[in-house]
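Q: Residue numbers (our numbering), protein chains in the order written: chain G, 54 to 199; chain E, 54 to 199; chain D, 54 to 199; chain U, 54 to 199.
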């Protein structure tokens, strides 16, 4: 199962008056990590949008547990992988590690969508191409990955 | 049960190249809505930090479902309330309405914490004062609210 | 000369570990204030993009002086107006007031542009329609406004 | 004169519905580049705040010219250096390069400040220690650098 490790420097501007990361910034970090995971699989966002004529892979469901805070100036590592493949959706798991300790765990459910009108809020799921799944080392069934 | 309605203008800079809100911005909207809910209860963050000597009310768990996207220039309304009170934690529910349709539902579990060392990442939960809960119209037990 | 006053609540997440607004957030505030100024003139961004077939009014030059910091929980007011009209460009001045004190002054030079290819980075200035200028109370010449 | 080169990946979430970087994000990029420039000089922010008992190096004046936009998925490079040293202030110049073309030039005037009360908005400039300037290869006078 393809896993991406991304080192992230906690910036001053990502932290709040309590001196720790303002939590919505983590959600942004994780979105970047999904982008990086796809690139590791050989799939840049720009190419994906063109090749597969999709509007994107928006998040439809998110769950996160914030266990340990992080401070500015620290380097943390995020381990990201797809833990489940459905027909038109998939689940990305991110684990933000502060040294050996898991500081945050986040699950993003994303959908492979096409736009179905000029209105950008109208889109529909489509089957994820087999070749895309294969780039992540996914076998035929989702269960094997989870 | 005290509920706060917050109108939010979707700004151009909150939207992505697909023309819809970049989803981490919603998490920021909801944090603002929790702040506004507490103010409606008569509890400004600055006062709370001073009066109760707490470090804050950080989110330790978050769940969100993103059902319908929103576009720049739209006004959406977020309905926020505390749906459950524990001893040191509580759950805030946000529903982002796009007209009559529920576009997003988000649950934040937050903890009432004090700092226990100079290191801002070290903090511990404390019992939420009864008077705080009462300002939200909470009865003695959490279950009655959920 | 049309002036817009916008009250802005300084949010916790807009402030840094020093307890004051992280300065790039001000630039975002000012962009919102330009949007609000145009709406006061009867020009919503969505309508402008459609009516005049422009790609936007991007900032090509910015100058800002940060005199007094602001803290979370404060309400500040931004006074915004167009102080100069050129053929295809104009200058917006924002003054962020903390009570009676001018905390920040910012000048944005913006251009009225159309896209000239499929590549979003390729755009060109166009003459600003007279009716647009008139909505701001601008007389025939730019100098009269500055 | 010490110069830092920082490669920045333009993220999807940093871009707006026009498909180009939302300009306040650049200001955030440049702040990160100043942080990186200081680290290249051997000065991490955390250490600086402790060693010199300063509150920070806030920006008091900023000028920027936005010449060419950038799109998501691109890698740009920012060249940063201190071009002028005063007694308590200094000027950082950032040039964001899109390939060989200078896309943006930004000048930040920053001040070496200490906090002078419990109120984080009250601070005052102090003389920048000679050893700090020397780490950037600055000679005795500011003019020689500019």
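Note that CB positions come from ideal geometry on N, CA and C, so glycine has one too.
Please compile the residues from chain U whose C-beta is within a distance smaller than 9 Å of the C-beta of residue 103/D.
A: The contacting residues do not exist; residue 103/D stays about 13 Å from chain U at best.
Q: Residues of chain D with CB under 7 Å from residue 124/U, in chain order?
A: Ordered by position in chain D, the residues that pass the 7 Å Cβ test against residue 124/U are 173 and 174.
Q: Is residue 149/G helix, strand or coil when you go by DSSP?
A: Three-state DSSP puts residue 149/G in a strand.
Q: Could one say the Cβ of residue 67/E lies closer than 8 Å to chain G's Cβ atoms, at least one of them?
A: No, because no Cβ of chain G sits closer than 8 Å to the Cβ of residue 67/E.
Q: Three-state secondary structure (DSSP) at residue 56/E?
A: Strand at residue 56/E.
Q: Locate the beta strand (DSSP E) running through residue 163/D, then write down its first and last residues.
A: Taken as a continuous stretch (DSSP letters only), the beta strand (DSSP E) holding residue 163/D covers 154 to 164.
Q: Give a yes or no on whether the minimum CB-CB distance between residue 128/D and chain E is below 8 Å.
A: Chain E, which has no Cβ nearer than 8 Å to the Cβ of residue 128/D, makes this no.
Q: To the nearest angstrom, how far is it from the Cα of residue 116/G to the Cα of residue 64/E?
A: Straight-line Cα distance between these residues: approximately 25 Å.
Q: Along the alpha helix (DSSP H) that carries residue 82/U, what are the first and last residues, could you check?
A: From DSSP, the alpha helix (DSSP H) with residue 82/U extends over 77 to 93.
Q: Are the C-beta of residue 79/D and some C-beta of chain G separated by less than 8 Å?
A: Output row for residue 79/D: interface = no.
Q: Quick check: the stretch 127 to 145 of chain D against the stretch 101 to 109 of chain D, are there 3 or more CB pairs under 8 Å?
A: No, because fewer than three Cβ pairs between the stretch 127 to 145 of chain D and the stretch 101 to 109 of chain D fall closer than 8 Å, the two stretches do not touch.
Q: Could you check whether residue 94/U and residue 71/D sit closer than 8 Å to each other, using their CB atoms as the reference points?
A: The answer is no: Cβ separation not under 8 Å.
Q: State yes or no: is the beta carbon of residue 190/D nearer than 8 Å to at least one beta carbon in chain U?
A: Residue 190/D does not count as touching chain U.
Q: Report back the beta-carbon spacing between residue 156/E and residue 121/E to the nearest angstrom; my notes put them in contact at under 8 Å.
A: Rounded, the Cβ-Cβ distance is 4 Å, consistent with contact.
Q: Could you please give the first and the last residue of the uninterrupted alpha helix (DSSP H) stretch that includes residue 175/E?
A: Careful: residue 175/E lies outside any alpha helix (DSSP H) and carries neither H nor E.
Q: Could you please tell me which residues of the stretch 87 to 117 of chain D, in chain order, have their CB closer than 8 Å to any CB of chain U?
A: Residues 108, 109, 111, 112, 113, 114, 115, 116 and 117.
Q: Using the three-state DSSP reduction, which class does residue 129/D fall into: helix, strand or coil?
A: In the structure shown, residue 129/D sits in a strand (DSSP, three-state: E or B).
Q: Residue 162/U and residue 80/U look like a contact to me (Cβ under 8 Å); what is the Cβ gap, rounded to whole Å?
A: So it is not a contact: roughly 14 Å between Cβ atoms.
Q: Got a sec, what are the start and stop residues for the beta strand (DSSP E) residue 67/E sits in?
A: No beta strand (DSSP E) holds residue 67/E; DSSP gives it neither H nor E.
Q: Is DSSP giving residue 193/D helix, strand or coil here?
A: Confidence in residue 193/D is poor, its pLDDT being 43 and thus under 50, which makes the residue's placement too unreliable to answer from.
Q: Closer than 8 Å, CB to CB, is residue 72/U near chain E or not?
A: Closer than 8 Å: yes.
Q: Among the residues of its own chain, which have a CB less than 7 Å from the CB of residue 60/U, if the five just before and after it don't count?
A: Excluding residues within five positions, the ones whose Cβ falls inside 7 Å are 128 and 130.
Q: Taking three-plus beta-carbon pairs below 8 Å as touching, is the stretch 160 to 176 of chain D in contact with the stretch 140 to 148 of chain D?
A: Flag = yes, the stretch 160 to 176 of chain D and the stretch 140 to 148 of chain D touch.
Q: Since residue 119/U meets chain D, which of its residues come closer than 8 Å, beta carbon to beta carbon?
A: Those within 8 Å of residue 119/U in chain D are 111, 112, 113, 114 and 115.
Q: Output needed for residue 194/U: all residues of its chain with C-beta closer than 7 Å, excluding positions within five of it in sequence on either side, in chain order.
A: Low per-residue confidence applies at residue 194/U: pLDDT is 42, beneath 50, and the placement is therefore not dependable, though the value from the model is reported in the following sentence. Closer than 7 Å at the Cβ level, and outside the excluded window around residue 194/U, lies no residue.
Q: Strictly by DSSP, which residues pair up with residue 135/D?
A: 145/D.
Q: Any C-beta of chain D sitting closer than 8 Å to the C-beta of residue 153/E?
A: Residue 153/E does not count as touching chain D.
Q: Measure from the C-beta of residue 163/E to each C-beta in chain D and report whether the shortest distance is under 8 Å.
A: Not an interface residue.
Q: Is residue 137/E close to chain D? Criterion is C-beta to C-beta, closer than 8 Å.
A: No, because no Cβ of chain D sits closer than 8 Å to the Cβ of residue 137/E.
Q: Between which two residues does the alpha helix (DSSP H) carrying residue 25/D extend?
A: Outside the modelled stretch of chain D, which goes from 54 to 199, sits residue 25/D, for which no answer is possible.
Q: For residue 75/E, which residues in chain U fall below 7 Å Cβ to Cβ?
A: Going along chain U in sequence order, the residues near residue 75/E (Cβ under 7 Å) are 66.
Q: Which residues share a DSSP beta bridge with residue 73/D?
A: DSSP output for residue 73/D lists 124/D as bridge partner(s).
Q: Determine the chain D residues that contact residue 85/E at a beta-carbon separation under 7 Å, and present them in chain order.
A: By Cβ distance, chain D contributes 64.
Q: Should residue 98/U go down as buried or exposed, given a rule of 16 or more other Cβ atoms within 10 Å for buried?
A: Classification of residue 98/U: buried, given that the 10 Å Cβ count is 16 or more.
Q: Start and end of the alpha helix (DSSP H) containing residue 185/E?
A: Where residue 185/E is concerned, the enclosing alpha helix (DSSP H) stretches over 183 to 188.
Q: Does residue 169/U come out as helix, strand or coil in the three-state DSSP assignment?
A: DSSP places residue 169/U in coil when its eight states are reduced to three.
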